[in-house]
Amino acid sequence: MSKKHILIVPGDGIGQEVTAVGKKVLDRIAEKFQHEFTYDEALMGHVAIEATGNPLPDETLAKMKSSDAVLFGAVGHPKYDNDPSAKVRPEQGLLKMRKELGLYANLRPIKLFDELLAASSIKPEVLKGADILFFRELTGDIYFGEKGRKNDGDTAYDIAEYSRFEVERIGRKAFEAARTRRKKLCSVDKANVIETSRLWREVIQKLAKEYPDVEVEHQFVDATAMLLIKDPRRFDVVVTANLFGDILTDEASQIAGSMGMLASASIGDGTGVYEPIHGSAHDITGKGVANPLASVLSAALLLDISFGLKEESDAVINAVDQVLKAGFRTGDIADSTTPADKILGTEAMGEQVLKFL
Ligand code: IPM
Ligand code: MG
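The sequence shown: position 252 = 1739 (the working numbering), numbered continuously.
Laid out in structure tokens, this is it:
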């Protein structure tokens, strides 16, 4: 029996709706496997700005640090997106959380459930069997370097910085993971142009000597962007810098049919944070149609990675598989052959997962 304390941080937009489902799934697991999970909730993002003026209030951060894991929704609000001059933004809370919790490794597994082959816009024969694990570095790069304006605001700059130490620690995580999978690692950079990429490649090449059983390939990011769509099955583990990882994983989400299916784990020095890769999606917020499966699968990652509960985690993934096999879909993963009565809203989809659990 495990006794664990989980912080739920729904954040903004559909984050509220989908984490409610993720939490129910954790609750069901606790009941079924006789664990004791306790919960607390905290504000972050736009809702936190509205309540406190701060996208990541100290109270939220303190609660995160003292929890065993965080189930996170999404942050963002359209009102900031077209206002480049906004000084306080929901995303600042996200970046601060990553830095403060030392979440340097962002794992984004891209796995296509067979039932969703038709939901992707990529041809099924190109897609079938694709299974990629991304390691996106999460606390360095152009995201966290010095940024600013000069020449009276007419010129802007963002500095990208990486230290050997930062590349090595994410590199090691990726090599270790490759060892437990198909033993292939693709390191993605832009070493033909960018200096941080040259350091990146140097460090990965050196690390490779310690993992002779892992086959390493170095790719330039533009080629990776192309190959992901052309031949996704060639990839096993991919490791890359923060900005490249942000972009490539949105692209790769299409391999899994929909952004609504993709979970992620952010881990590092302390508490792990588990969240869908999709955003707050204000266009569908409050309509009850958001796909909760990314949050459910994030809960599965939480059980496995932070709590070491592999059997419980597999039970959740299996339940998702069963729900899909039974033909249930949310709008984002439905296609022209899906009968209308099998297209479910957020809550009803959650109920189906609970039923199979
Ligand atoms: C993500 C998001 C964030 C990022 C945004 C919301 C700041 O796109 O988690 O991928 O760029 O890291
Ligand atoms: Mg992103």
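Beta carbons are placed, not taken as given, at the ideal position from N, Cα and C, and that holds for glycine.
Sub-8 Å separation of residue i and residue j beta-carbons
{"i": "G1747", "j": "T1833", "result": "no"}
{"i": "P1779", "j": "G1732", "result": "no"}
{"i": "A1786", "j": "L1558", "result": "yes"}
{"i": "G1632", "j": "A1647", "result": "yes"}
{"i": "S1782", "j": "G1509", "result": "yes"}
{"i": "G1755", "j": "L1581", "result": "no"}
{"i": "D1527", "j": "L1494", "result": "yes"}
{"i": "A1556", "j": "S1751", "result": "no"}
{"i": "L1811", "j": "E1602", "result": "yes"}
{"i": "L1694", "j": "I1629", "result": "no"}
{"i": "H1564", "j": "H1533", "result": "yes"}
{"i": "P1497", "j": "G1560", "result": "yes"}
{"i": "V1675", "j": "V1725", "result": "yes"}
{"i": "E1738", "j": "L1715", "result": "yes"}
{"i": "L1735", "j": "A1664", "result": "no"}
CB contact below 8 Å: residue i versus chain D
{"i": "I1657", "result": "Chain labels in this structure do not include chain D; a single protein chain is all it has."}
Contact test: residue i Cβ vs the ligand IPM heavy atom, cutoff 7 Å
{"i": "L1857", "result": "No answer is possible for residue 1857: it lies beyond the span of the chain, which begins at 1488 and ends at 1844."}
{"i": "I1754", "result": "no"}
{"i": "I1764", "result": "yes"}
{"i": "E1587", "result": "no"}
{"i": "E1624", "result": "no"}
{"i": "E1578", "result": "yes"}
{"i": "L1581", "result": "yes"}
{"i": "G1563", "result": "yes"}
Residue i CB to nearest heavy atom of the ligand MG below 7 Å
{"i": "D1499", "result": "no"}
{"i": "D1733", "result": "yes"}
{"i": "D1737", "result": "yes"}
Nonlocal neighbours in the same chain, by C-beta distance under 8 Å from residue i, ignoring five residues either side
{"i": "V1654", "result": "E1624, L1686, W1687, V1690, I1691"}
{"i": "G1775", "result": "E1504, G1832, T1833, E1834"}
{"i": "K1717", "result": "V1613"}
{"i": "E1857", "result": "As displayed, the chain neither begins before 1488 nor continues past 1844, which places residue 1857 out of reach and without an answer."}
{"i": "A1517", "result": "E1523, F1524"}
{"i": "P1611", "result": "L1604, A1605"}
{"i": "G1442", "result": "No answer is possible for residue 1442: the residues shown for the chain start at 1488 and end at 1844."}
Beta bridge counterpart(s) of residue i as assigned by DSSP
{"i": "H1522", "result": "In DSSP, H1522 forms no bridge with anything."}
{"i": "P1763", "result": "A1750"}
{"i": "S1674", "result": "H1705, V1726"}
{"i": "Y1644", "result": "G1635"}
{"i": "R1623", "result": "N1593, T1727"}
{"i": "D1527", "result": "L1494"}
{"i": "I1830", "result": "R1816"}
{"i": "K1598", "result": "D1618"}
Coarse secondary structure for residue i, derived from DSSP in three states
{"i": "N1729", "result": "helix"}
{"i": "A1617", "result": "coil"}
{"i": "T1547", "result": "helix"}
{"i": "E1702", "result": "strand"}
{"i": "T1817", "result": "coil"}
{"i": "A1496", "result": "Reading the sequence as shown, one finds Val at residue 1496 and not Ala. In the structure shown, V1496 sits in a strand (DSSP, three-state: E or B)."}
{"i": "V1557", "result": "strand"}
{"i": "M1713", "result": "helix"}
{"i": "A1605", "result": "helix"}
{"i": "L1811", "result": "helix"}
{"i": "S1823", "result": "coil"}
{"i": "H1564", "result": "coil"}
{"i": "F1794", "result": "coil"}
{"i": "V1776", "result": "coil"}
{"i": "R1668", "result": "coil"}
{"i": "S1489", "result": "coil"}
{"i": "R1685", "result": "helix"}
{"i": "Y1649", "result": "coil"}
{"i": "P1542", "result": "coil"}
{"i": "E1578", "result": "helix"}
{"i": "D1756", "result": "coil"}
{"i": "K1696", "result": "coil"}
{"i": "V1690", "result": "helix"}
Cutoff 7 Å; reference residue i; Cβ partners in own chain excluding five residues on either side
{"i": "K1797", "result": "D1791"}
{"i": "I1536", "result": "P1542, V1575, P1577"}
{"i": "T1772", "result": "G1500, I1501"}
{"i": "R1585", "result": "L1625, T1626, S1753"}
{"i": "N1679", "result": "F1707"}
{"i": "K1598", "result": "D1618, A1743"}
{"i": "R1656", "result": "Y1591"}
{"i": "G1757", "result": "K1552, L1588, G1589"}
Proximal residues to residue i (C-beta, below 6 Å), its chain only, five neighbours per side dropped
{"i": "T1835", "result": "Residue 1835 is actually Ala in this sequence, not Thr. The answer is none, since no qualifying residue turns up."}
{"i": "R1515", "result": "L1841, L1844"}
{"i": "F1520", "result": "E1799"}
{"i": "Y1698", "result": "F1662"}
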